[in-house]
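full-length UniProt numbering applies: residue 1 is where the first sequence begins, and numbers increase by one.
The beta-carbon is built from N, C-alpha and C at its ideal position, and this holds for glycine as well.
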Amino acid sequence: MKAITTLSRYFSTGKQLQVLVSSIQPPKFVPQIAAFTEDLCARILNQYPDIKTLEKLHCKVLTDDYLRWNSSLGIKLMRAYSACGEPGITRHIFDEITDKNVVFFNVMIRSYVNNHLYRDAFLVYKTMSSQGFDPDMYTCVCVLKASSGSDSLWVGLQVHSAILKFGMDSNLFVGNGLVAMYGKCKCLKEARQVFDEMPRRDVVSWNSMVAGYAQNERFNEALDLCREMEGSKLKPNACTMASLLPAAANTSSDNVFYVKEMFMKLAKTSVISWNVMIAVYVNNTMPKEAMDLYLQMDANGIEPDVVSIVSVLPACGDLSAVTQGRGIHEYAKRKKLIPNLLLENALIDMYAKCGCLRDARAVFDQMQFRDIVSWTSMISAYGMCGQGHDAVAVFAKMQNSGLSPDSIAFVSVLAACSHAGLLDEGRYYFNLMSEYGITPKLEHFACMVDLLGRAGNIDEAYGIIRHMHLEPNERVWGALLSACRVYSNMNIGLLAADQLFQLVPEQSGYYVLLSNIYAKAGRWQDVAAIRSILQRKGLKKIPGISNVELNDHVHTFLAGDQFHPQSKEIYEELDVLVGKMKEFGYMPETDSALHDVEEEDKECHLAVHSEKLAIAFAIINTKPGTPIRVTKNLRVCGDCHVGAKLISKITKREIVIRDTHRFHHFHDGACSCGDYW
DNA sequence: CTAGGGTTAG
């Protein structure tokens, strides 16, 4: 009751109370204390007041001999506190009530469930029977949600047996709850059995079953069920789409198309279906589609809400569309959606991915509350820019703030050390993990291999792989192979490549890496052999794609692209640039040709890597001195890196390229990575 | 007093 005692000062005079009442009440209810009746209290409580108002009201109820014993008000008070995220106070009220009935138990359980305190919810459920109360269907639905929420099959099974015992298994809501519970607990057979045996099914039943399949990576069965649902009289709704969402990440274009079809068929009045569609695009590396859809919302009379924004911001980051991102940030401010933890976290990441470190930091500094995601985003923001010392400093500050780093925070700080070549710090953090009870996983090993290998300690990196207790995966070997390419280590490079060809025989990138190693050693026969392997397997190099934003619009370029309306001018500009670059001693660097091209084509193709096209395009279309921001889906090749340095000098432009690993900030002929990448 | 949409790494 701490909250209540501290509140008594609010009621030292009747005047403050009048202010309170008149602020909530329509004017016709004269703000007199006498009017502070059960009916008035109930009206206020039903509107879910904020915590301050609620505490004042509660205090008034407690001091009123009549109201304080009113059980209906007790229920409403409990619910209101729960809605304010104060289940502890709800519990206090619950404990004070002497003549409980099953509704009090239900409200108490629901309060815990809604605040994610599933264990407490279940404990209350267990005490019911000892106090002589049988659960009803509301109890069961709620405790089923507790078991779903905590993935606790054991609890769910106990509830199911109670449901059978009390004969509630034919109830629609109970059945829906069971389907959801079994689905979340990975018991699809049981979920399906309940679903099939339900005497009556509604949309919720179908959606719950769809969600069950989708959560367990069985997208095809989820889709089949959607089709079956359409075959019956029921129509999929926004919730059906939402149920599909967990399975609609990194999926086939066919599956994305199915979800899109479903979206098109819906009456697009629900903001949720828009948000789900945006999320599906984002989760399937289709950021442009995500952004376009977001922009169409307005024209369709749908006001983007905070979830829309949080969903679309990663797409802005992916595209380096900082103008769009800023616009969305402004919109969020205008709509007073800030402060909001998830939104602020998404903003940090968006600005960081657009290379606007200062904006990211500004958002971070202005936050009222920061969680592990906020700190981790900031750490990787510095890491991506190669500012390893800043990343390490933020990590230390996070520790001082009392937050325990999690597994992802360690990945971020290790990656930051790797990009900046901070060997000792990286080793320190790797060892620090155990102090937080975190066992290194493959991603941490991959970071360590990258850190050591990039610094030239290839033997040590290989040693880590040999001694690790996990089976190394693609990323681990890939980090080693990359290092071998940088340092031309043929022996270990061959070992790593061999592993990679077994693990992911269809990934052309690793063949290209190995062929780069051969090329550097002048082993042209082996280079040719790899090329013929690629041809025989029918493997194509992933095409390089670069994005650049101009006037709120993102332009995309492919390597060798000739489809852009300004294509001719772009190539002319490139010719001029290359001419000037050669005056600075520029020589096309053929060994870093990551593209699978014939020898004689090399110089020609190098000139048209997608980032070069994007840069030339930006130079033509923006005023002198405007910074150029490009994102790319592959790593920058050595030739483009040299090229970008020179272009930054020649044109006196800042050029920021984000590749799959980090930022390269080119200024006056130098890169922020210090050529360490 | 039944479902369902959001942020961080590599």
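**Prompt:** Thinking just about the alpha-carbon of each residue, which of 45, 115, 108 is nearest to the one in residue 138?
**Reply:** Taking the first residue of the first sequence as 1, we reach residue 138 at position 138. Nearest option by C-alpha distance: 108.
In chain order, what residues of the same chain lie with their CB nearer than 7 Å to the CB of residue 273, ignoring the 5 residues before and after it?
By one-based count along the first sequence, residue 273 stands at place 273. Contacts found: 238, 241, 263, 266.
- [ ] My understanding is that residue 322 touches residue 354, with C-beta atoms under 8 Å, so please give their C-beta distance in whole angstroms.
- [x] If you number the first sequence from 1, residue 322 lands on position 322. If you number the first sequence from 1, residue 354 lands on position 354. With a Cβ gap of about 4 Å, residue 322 and residue 354 count as contacting.
Q.
Quick check: residue 359 and residue 377, are their CB atoms within less than 8 Å of each other?
A. In the first sequence, counting from the first residue as 1, residue 359 sits at position 359. In the first sequence, counting from the first residue as 1, residue 377 sits at position 377. No. Outside cutoff.
List in chain order: all unbroken alpha helix (DSSP H) runs of 4+ residues lying wholly within the segment 489 to 514. Counting only runs of 4 or more, we get 490 to 503.
- Bridge-paired residues (DSSP) for residue 147: Your numbering for residue 147 matches position 147 in the first sequence. Residue 147 pairs with nothing; no bridge assigned.
- Query: So residue 615 packs on residue 647, CB below 8 Å; how close in whole Å?
  - Reply: Here residue 615 is taken as the residue at index 615 of the first sequence, counted from 1. Here residue 647 is taken as the residue at index 647 of the first sequence, counted from 1. For residue 615 against residue 647, the beta-carbon gap comes to about 6 Å, under 8 Å, which counts as contact.
- Message: According to DSSP, simplified to helix, strand and coil, what is residue 61?
- Response: The residue labelled residue 61 in the question sits at position 61 within the first sequence. Residue 61 sits in a helix when the DSSP states are folded into three classes.
Suppose the cutoff is 8 Å on Cβ atoms and the five residues either side in sequence are ignored; what does the same chain contact list for residue 225 look like? Position 225 of the first sequence, counted from the first residue, corresponds to residue 225. If you ignore the 5 residues before and after residue 225, its C-beta comes within less than 8 Å of the C-beta of 206, 209, 210, 213, all in its own chain and listed in chain order.
Measure the C-alpha to C-alpha separation of residue 268 and residue 673 and round it to an integer number of angstroms. If you number the first sequence from 1, residue 268 lands on position 268. If you number the first sequence from 1, residue 673 lands on position 673. Take the alpha-carbon of residue 268 and the one of residue 673: they are about 47 Å apart.
Item to check | residue 620, buried or exposed, once every other Cβ within 10 Å from all chains shown has been counted against 16 | outcome: Taking the first sequence and counting its residues from 1, the one referred to as residue 620 is at position 620. Looking at its Cβ environment, which holds fewer than 16 other Cβ atoms inside 10 Å, residue 620 is exposed.
- Query: Exposed or buried, what is residue 612 when buried is set at 16 or more other beta-carbons lying within 10 Å of its beta-carbon?
  - Reply: Here residue 612 corresponds to residue number 612 of the first sequence, with the count starting at 1. Around the beta carbon of residue 612, a 10 Å sphere encloses 16 or more other beta carbons of the protein chains shown; the residue is thus reported as buried.
**Item:** residue 666 - DSSP class collapsed to helix/strand/coil
**Value:** Indexing the first sequence from 1 puts residue 666 at position 666. It is a strand residue.
### Query
Taking contact to mean at least 3 C-beta pairs separated by less than 8 Å, is the segment 473 to 481 in contact with the segment 448 to 455?
Put simply, the segment 473 to 481 touches the segment 448 to 455. At least three CB pairs are less than 8 Å apart.
query = residue 335: buried (16+ other C-beta within 10 angstroms of its C-beta) or exposed?
reply = Numbered from 1 along the first sequence, position 335 holds the residue referred to as residue 335. That one is exposed.
Output needed for residue 669: all residues of its chain with C-beta closer than 7 Å, excluding positions within five of it in sequence on either side, in chain order.
The residue labelled residue 669 in the question sits at position 669 within the first sequence. Setting aside the 5 residues that flank it on each side, residue 669 is surrounded in the same chain by 645, 646, 648, 649, each with a C-beta closer than 7 Å to its C-beta; the list follows chain order.
Pick helix, strand or coil for residue 641, following the three-state DSSP scheme.
Within the first sequence, residue 641 is the residue found at index 641, counting from 1. It is helical.
Quiz item: Taking the C-alpha atoms as reference points, what is the distance between residue 664 and residue 485?
Solution: Reading the first sequence from its first residue, position 664 is the one you call residue 664. Reading the first sequence from its first residue, position 485 is the one you call residue 485. Across the structure, residue 664 and residue 485 are spaced so that their CA atoms are roughly 20 Å apart.
*Taking just the CA atoms, how far does residue 340 sit from residue 676?*
What you label residue 676 is simply residue 676 of the first sequence in a count that begins at 1. What you label residue 340 is simply residue 340 of the first sequence in a count that begins at 1. If you take the alpha carbons of residue 676 and residue 340, they lie about 37 Å apart.
Let me check understanding here. Comparing Cα to Cα, which of 654, 638, 432 lies closest to residue 628? The count along the first sequence starts at 1 and reaches residue 628 at position 628. It is 654 whose Cα lies nearest to the Cα of residue 628.
Discussion item. Taking 8 Å as the threshold (C-beta atoms), are residue 391 and residue 413 in contact?
Written reply: Taking the first residue of the first sequence as 1, we reach residue 413 at position 413. Taking the first residue of the first sequence as 1, we reach residue 391 at position 391. Yes, the pair counts as a contact, with Cβ atoms nearer than the cut-off.
- Task: State yes or no: is the C-beta of residue 106 within less than 8 Å of the C-beta of residue 142?
- Result: Along the first sequence, read from residue 1 onward, the residue named residue 106 stands at position 106. Along the first sequence, read from residue 1 onward, the residue named residue 142 stands at position 142. Here residue 106 is near residue 142, since their CB atoms are less than 8 Å apart.
Check: Cβ of residue 489 within 8 Å of Cβ of residue 465?
Finding: Sequence index remark: in the first sequence, residue 489 carries index 489 (1-based). Sequence index remark: in the first sequence, residue 465 carries index 465 (1-based). No.
Have a look at residue 582 and residue 573 and give me their C-alpha separation to the nearest angstrom. Here residue 582 corresponds to residue number 582 of the first sequence, with the count starting at 1. Here residue 573 corresponds to residue number 573 of the first sequence, with the count starting at 1. Cα to Cα, residue 582 sits roughly 14 Å from residue 573.
**Report entry** Distance between beta carbons of residue 511 and residue 534, contact taken as under 8 Å
**Finding:** For the purposes of this step, residue 534 is identified with residue 534 of the first sequence, where counting begins at 1. For the purposes of this step, residue 511 is identified with residue 511 of the first sequence, where counting begins at 1. That pair is a contact at about 6 Å.
task: With a threshold of 16 other CB atoms inside 10 Å of the CB of residue 601, please say whether the residue is buried or exposed.
output: Position 601 of the first sequence, counting from 1, holds the residue named residue 601. Unreliable positioning characterises residue 601 in this predicted model, as indicated by a pLDDT of 43, which lies under 50. The coordinate reading is nonetheless provided below. With fewer than 16 Cβ atoms within 10 Å of its Cβ, residue 601 is classed as exposed.
- Message: So the candidates are 94, 309, 254; which of them puts its Cα closest to the Cα of residue 276?
- Response: For the purposes of this step, residue 276 is taken as residue 276 along the first sequence, with counting starting at 1. It is 309.
### Query
Counting pairs of beta carbons, one from the segment 420 to 428 and one from the segment 383 to 390, are three or more of them closer than 8 Å?
In short, these stretches touch, since the Cβ pair count reaches three.
*Who does residue 632 pair with in a DSSP beta bridge?*
Taking the first sequence and counting its residues from 1, one reaches residue 632 at position 632. When beta bridges are read from the DSSP output, residue 632 appears opposite 546.
**Prompt:** So what's residue 27 in DSSP terms, helix, strand or just coil?
**Reply:** The sequence position of residue 27 within the first sequence is 27, counting from 1. Residue placement at residue 27 cannot be trusted, given a pLDDT of 38 that sits under 50; what the coordinates show is reported in the next sentence. Under the three-state reduction of DSSP, residue 27 is assigned to coil, being neither helix nor strand.
Buried or exposed for residue 94, please, with buried defined as at least 16 other CB atoms from any protein chain shown within 10 angstroms of its CB. Counting from one through the first sequence, the residue named residue 94 turns up at place 94. Result: buried.
query = Just the Cα atoms here: how many angstroms apart are residue 462 and residue 123?
reply = As a working mapping, residue 462 is identified with position 462 in the first sequence. As a working mapping, residue 123 is identified with position 123 in the first sequence. So the two alpha carbons sit approximately 51 Å from each other.
Quiz item: Which one of 305, 330, 555, 631 has the shortest CA to CA distance from residue 656?
Solution: Within the first sequence, the letter at position 656 stands for residue 656. Out of 305, 330, 555, 631, 631 has the C-alpha closest to the C-alpha of residue 656.
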